[in-house]
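Engineer:
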Amino acid sequence: MPHQITAEELSSAMGLGFAPTEQQWRSISAPLAPAVVIAGAGSGKTTLMAMRVVYLVLTGQVLPEQVLGLTFTTKAAAELRHRIESALAKAGALQDGGGLETIGPTVATYNSYAAGLLVDHGLRIGHEPDQRVIADAGRYQLAQHAILRHRSNVLRLSDHLPTVINQLLDLDGELNEHLVAISEVVSFDDREQADFQRALEAELAAAGRATYKAPIEKAILAIDRRRELLELVASYRRHKSRLGVMDFADQISLAAKLAVQCPEVGAAERARYPVVLLDEYQDTSVSQA
Numbered sequence: 000m001p002h003q004i005t006a007e008e009l010s011s012a013m014g015l016g017f018a019p020t021e022q023q024w025r026s027i028s029a030p031l032a033p034a035v036v037i038a039g040a041g042s043g044k045t046t047l048m049a050m051r052v053v054y055l056v057l058t059g060q061v062l063p064e065q066v067l068g069l070t071f072t073t074k075a076a077a078e079l080r081h082r083i084e085s086a087l088a089k090a091g092a093l094q095d096g097g098g099l100e101t102i103g104p105t106v107a108t109y110n111s112y113a114a115g116l117l118v119d120h121g122l123r124i125g126h127e128p129d130q131r132v133i134a135d136a137g138r139y140q141l142a143q144h145a146i147l148r149h150r151s152n153v154l155r156l157s158d159h160l161p162t163v164i165n166q167l168l169d170l171d172g173e174l175n176e177h178l179v180a181i182s183e184v185v186s187f188d189d190r191e192q193a194d195f196q197r198a199l200e201a202e203l204a205a206a207g208r209a210t211y212k213a214p215i216e217k218a219i220l221a222i223d224r225r226r227e228l229l230e231l232v233a234s235y236r237r238h239k240s241r242l243g244v245m246d247f248a249d250q251i252s253l254a255a256k257l258a259v260q261c262p263e264v265g266a267a268e269r270a271r272y273p274v275v276l277l278d279e280y281q282d283t284s285v286s287q288a
C-alpha cells in the first residue's frame, strides 16, 4: 500500500501557495493506470504533471528515475523538466547520484527519445545507429534531387517543381505518421480504381445517364496522380537510404517499427519507466502513440 498524503500536505511539501482543486487532485492521486487529462491552454497542465510526479514519489509508488516525460519541442521539454525537478527538489525527493548530479526523471522530446531507442536497439531491425538526421532544408534538397533523377514518366502531376516537392514530402510524412507502407497504399488504390472503373462503365452503359461520370473520372485521376507521387516517394526514400540519412518522421516510424518487431525492447522500457507522462497527447500521431 502506498503511503497516503493529502492535497494540502503535497502543496506544503512543494512550497506552493495553493492546494489543488478537487478535479486536479483526482488526476494527481489517480491509481497507476492509463489516464487522460483534458484541459485547455493555460489551465496548469504542466504544474499538474509536476505535482503528479511528486505525489507518486512521496507516496513511495515510484523512484524519480522511473518517470519518463515526453513532449513535442525542446523548449517544452526543458520547461517540463525544470518544473518537475524543481518540484521534487523542494519536496526533498530527488535522489543523490553520488556525484555532482542528482538522479531525476527523464524528460525529452518524442524525437530525442526515439533517437535514443534507435541508437541502443536499431541494429535489431537493420538500422545503422550512425545515420544522420536531416532537417527540412535537407529534405527539400533531397526530394528535388530524387524528382530530377526520376526516370519514369510523370504525366499527371504539376509541372511546377516546388509544388511536386512539397506534395512528395507531405505524402512521405503522412505515410510515416500513420505507419503505412507504400505497397499498402498501392494495393488499396488498385482495388479502389477497379471499383471506380466498373462504376464508370456502368454509368456510360446506362442510356442517356451521366450523373456521376465527372466525379468518377476525377477520382480515377486522383488515384493515377497519387500512384505517380508514390513512385517519387519511393525514389526519395531510396536516396535517403543510399546516403545513410533520415528525417525526423523516420525517427518516430523506425522507433515504432522497433517496438512492434522487438517486443522485448518495449518490455524493457516499461520496466525502466513505470510512469510515462505524454504532453499534448491529442496531437500525437499513430507512430508516436
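Numbered per numbering that gives the first Met the number 0, the sequence shown finishes at 288, counting up by one with no gaps. Here a beta-carbon is modelled for each residue, glycine too, at the ideal position from N, C-alpha and C.
Any contact of the stretch 130 to 140 with the stretch 197 to 204, i.e. 3+ C-beta pairs under 8 Å?
Structural biologist: Result no; under three Cβ-Cβ pairs closer than 8 Å.
Engineer: One question on the structure: do H289 and S286 come within less than 9 Å of each other, judged by their Cβ atoms?
Structural biologist: Outside the shown range of the chain, which is 0 to 288, sits residue 289, and nothing can be said about it.
Engineer: Have a look at Y272, L277, L276 and E183 and flag the residue whose alpha-carbon is nearest the alpha-carbon of L62.
Structural biologist: If you number the sequence shown from 1, residue 62 lands on position 63. Per the Cα distances, Y272.
Engineer: On the premise that Q196 lies in contact with I164, defined as a C-beta separation below 8 Å, what is that separation, rounded to the nearest angstrom?
Structural biologist: For the purposes of this step, residue 164 is identified with residue 165 of the sequence shown, where counting begins at 1. For the purposes of this step, residue 196 is identified with residue 197 of the sequence shown, where counting begins at 1. That pair is no contact at about 30 Å.
Engineer: Given a threshold of 16 other Cβ atoms within 10 Å of its Cβ, counted over all protein chains shown, does D246 qualify as buried or as exposed?
Structural biologist: Sequence index remark: in the sequence shown, residue 246 carries index 247 (1-based). With 16 or more other Cβ atoms within 10 Å, it is buried.
Engineer: Pop quiz: L69 and Y109 are said to be a contact at Cβ under 8 Å. What is the actual Cβ separation, rounded to whole angstroms?
Structural biologist: By 1-based counting over the sequence shown, the position of residue 69 is 70. By 1-based counting over the sequence shown, the position of residue 109 is 110. L69 to Y109, Cβ: 5 Å. Contact.
Engineer: Would you mind reading off the limits of the beta strand (DSSP E) that contains A107?
Structural biologist: For the purposes of this step, residue 107 is taken as the residue at position 108 of the sequence shown. Here the beta strand (DSSP E) through A107 covers T105 to T108.
Engineer: Go to V289, then tell me how far its alpha helix (DSSP H) extends in each direction, as first and last residue.
Structural biologist: No answer is possible for residue 289: it lies beyond the span of the chain, which begins at 0 and ends at 288.
Engineer: Measuring alpha carbon to alpha carbon, tell me which residue in V56, A76, P128 and I146 is nearest S234.
Structural biologist: Here the question's residue 234 lines up with position 235 in the sequence shown. With distances taken between Cα atoms, S234 lies closest to I146.
Engineer: In whole angstroms, give me the CA-to-CA distance for G98 and L257.
Structural biologist: As a first step, residue 98 is located in the sequence shown; it is residue number 99 there, counting from the start. As a first step, residue 257 is located in the sequence shown; it is residue number 258 there, counting from the start. For G98, the predicted model reports a pLDDT of 49, less than 50, meaning its position is unreliable and no value from the coordinates is stated.
Engineer: Could you please give me the residues that DSSP links to V275 through a beta bridge?
Structural biologist: Mapped onto the sequence shown, residue 275 falls at position 276. According to DSSP, V275 bridges with L67.
Engineer: Is the beta carbon of H2 sitting closer than 9 Å to the one on T58?
Structural biologist: For this step, residue 2 is matched to residue 3 along the sequence shown. For this step, residue 58 is matched to residue 59 along the sequence shown. Yes. Within cutoff.
Engineer: To the nearest whole angstrom, what separates the beta carbons of L253 and H126, a pair I think is in contact under 8 Å?
Structural biologist: Here residue 253 corresponds to residue number 254 of the sequence shown, with the count starting at 1. Here residue 126 corresponds to residue number 127 of the sequence shown, with the count starting at 1. That pair is a contact at about 6 Å.
Engineer: Going by Cα to Cα distance, which pick from D223, G265, Y211 and Q22 is closest to G121?
Structural biologist: For the purposes of this step, residue 121 is taken as residue 122 along the sequence shown, with counting starting at 1. Minimum Cα distance to G121 is reached at G265.
Engineer: Mind reading off the beta-carbon distance from V53 to M13? Whole number of angstroms is fine, and I expect it under 8 Å.
Structural biologist: Locating residue 53 in the sequence shown gives position 54, counting from the first residue. Locating residue 13 in the sequence shown gives position 14, counting from the first residue. 6 Å between Cβ atoms; contact.
Engineer: If R131 and G243 are in contact, beta carbons under 8 Å, what's the gap, nearest whole angstrom?
Structural biologist: Indexing the sequence shown from 1 puts residue 131 at position 132. Indexing the sequence shown from 1 puts residue 243 at position 244. With a Cβ gap of about 7 Å, R131 and G243 count as contacting.
Engineer: Give, in chain order, every unbroken run of the alpha helix (DSSP H) that is at least 4 residues long and sits entirely within the stretch 240 to 272.
Structural biologist: Runs found: 247 to 260 and 262 to 271.
Engineer: How is I146 classed by DSSP in three states: helix, strand or coil?
Structural biologist: Here residue 146 refers to the residue found at position 147 when the sequence shown is read from its first residue. Looking at I146 - three-state DSSP - the assignment turns out to be helix.
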